[in-house]
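Trainee: Numbers given in my numbering equal positions in the sequence shown, counted from 1, plus 276. Beta carbons: idealized from backbone N, C-alpha and C, even for Gly. Nothing here was measured: the structure is a model prediction, and the numbers come from that model. Quick one: the structure is below, and I'll ask about it shortly.
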Amino acid sequence: MIADLRQMMAVKNRRVAALSFTPCNCDKRLKYPIDIMVMAKTAYPDRFFDIDLADWLIDFYRNVYGVNEQTAEKLRAVQWMDWTYR
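As structure tokens, then:
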């Protein structure tokens with residue numbers, strides 16, 4: 277199954293994205309902007325080319341939660357968003 281997925285053009289062209297892992301109530305969560313940004317960058321890469329998602333996430337966590345960079349990196353990891361960091 278995994279080998280089959282790797283043959284998909286979207287996977288080969290890195291046009292697959294994952295949303296942050298959290299329980300639902302999507303529009304009532306503080307992490308809702310993360311989902312919107314991931315969807316925007318995936319759907320409109322030409323319009324959001326100047327945004328580095330990994331850096332944007334760190335800034336988001338730091339600004340919303342008032343944490344330092346190390347804690348922001350841990351938050352990115354526990355939400356399964358490390359795929360943004362290459």
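Short of 7 angstroms in beta carbon distance, which residues of its chain neighbour alanine 286, apart from the five on each side in sequence? Order them along the chain.
Mentor: Val292
Trainee: At the level of alpha carbons, what is the spacing between tyrosine 320 and aspartate 326?
Mentor: 12 angstroms
Trainee: Any idea what DSSP makes of proline 321, helix, strand or coil?
Mentor: coil
Trainee: Give the range of the alpha helix (DSSP H) segment to which arginine 352 is assigned.
Mentor: Per DSSP, arginine 352 belongs to the alpha helix (DSSP H) from 345-354.
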